[in-house]
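Numbering (the UniProt record's numbering), first residue to last: 1 to 308.
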């Protein structure tokens, strides 16, 4: 009899130990399903939402922790390879692994390789027939650049906030940039250093970003799509120039004539025609001057001959 009572008490104690507790109100439940069903009531009754994004939580302390991700000043660690910023050193170190050469996950469609499975999953969406390029609804009021995430926009705004005391100046050409990382990448244009090498063709680049864009020539990936004609491009800058063909925008005028162009490359190509014309005119003027000088010399020679 005593043994049965002891066993009954032990079972009751085990049940109490195994009970699941709601963190919001302290209610206890025997199964996780019951607890989850109960917690739905708290979401409807009292929840906390972020003013900057769609994040919702039932606990205020969770919201406070989440909102720190929107504070740009918290991003103190920067990737030396691509410039991306992080809140903690550990997150930055984990990110650096993505720049390593060892990549074990390969796309079955275009053979692009990735170090992490998540990277392959995100890439695979590009090959889906219903894939839609994310809308860049957040735009910078200072330079009109657009971003798909508000967090990235806030990080971009730091480049405008940097004052003269925070600028890094190139000792070769005096160009100033907003970070030491950007300065190191810029100076490689002068030194010719290209540490980022394509594992397909061996071509080198000054930064990881340039290499990433180049790799698309091998994979065929074109993530930037025109909203007017659905044509796709490997680079966003190429898409911007293409869009000007639809809008008629030509922000690069020629200082020698009335023509204007959609890109600086087109303007530079056009300026070469003026350079050739100027060179031709100078050559013609020199030739005319030589002929005139020769005629004067012949005239003087004839005069001297007559006198003699």
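Ideal Cβ placement from N, Cα and C applies to all residues, glycine included. As the structure is a computational prediction, the values presented were derived from the model and not from experiment.
A direct Cα-to-Cα measurement between residue 282 and residue 202 gives close to 44 Å.
Every alpha helix (DSSP H) stretch that sits fully inside the UniProt domain "C2H2-type" (168-195) and reaches 4 residues is listed by chain position as 180-191. Scanning the UniProt domain "C2H2-type" (196-223) for uninterrupted alpha helix (DSSP H) segments of 4 residues or longer gives 208-219, listed from N- to C-terminal end. Distance between residue 259 and residue 270, taken at the CA atoms: about 9 Å. The closest CA to that of residue 177, considering only 272, 168, 191, is found on 168. By the 16-neighbour rule on beta-carbons within 10 angstroms, residue 174 is exposed. Residue 84 holds the alpha-carbon nearest to the alpha-carbon of residue 154 among 170, 113, 84.
With contacts defined as CB atoms closer than 8 Å, residue 218 and residue 205 fail to qualify as a contacting pair. If you compare the alpha carbons of 146, 179, 27, 239 with that of residue 223, the shortest gap goes to 239. Rounded to whole angstroms, residue 279 and residue 290 show a C-alpha spacing of 16 Å. Exposed is the label assigned to residue 284, since fewer than 16 other Cβ atoms lie within 10 Å of its Cβ. Per DSSP, the beta-bridge partners of residue 138 are 147. For residue 31, there is no enclosing alpha helix (DSSP H), as DSSP gives it neither H nor E. In the DSSP annotation of this structure, the continuous segment of the alpha helix (DSSP H) that includes residue 246 starts and ends at 236-247. If the five residues before and after residue 262 are omitted, its C-beta is found closer than 6 Å to the C-beta atoms of 241, 244, 250, all from its own chain and listed in chain order. A direct Cα-to-Cα measurement between residue 170 and residue 150 gives close to 31 Å. For residue 88, the three-state secondary structure derived from DSSP is coil.
DSSP, reduced to helix, strand and coil, places residue 113 within a strand of the structure shown. Taking 8 Å as the upper bound for CB-CB distance, residue 234 and residue 221 are in contact here, some 7 Å apart.
Counting the other Cβ atoms within 10 Å of the Cβ of residue 112 gives 16 or more, which makes it buried.
In the three-state DSSP reduction, residue 263 falls in the coil class, being neither helix nor strand. Cβ neighbours of residue 213 within its own chain (closer than 7 Å, five residues either side excluded): 234, 235.
Taking the C-beta atoms as reference points, residue 146 is found no nearer than 8 Å to residue 156. By the neighbour-count criterion, in which a residue is buried when 16 or more other Cβ atoms sit within 10 angstroms of its Cβ, residue 123 is buried.
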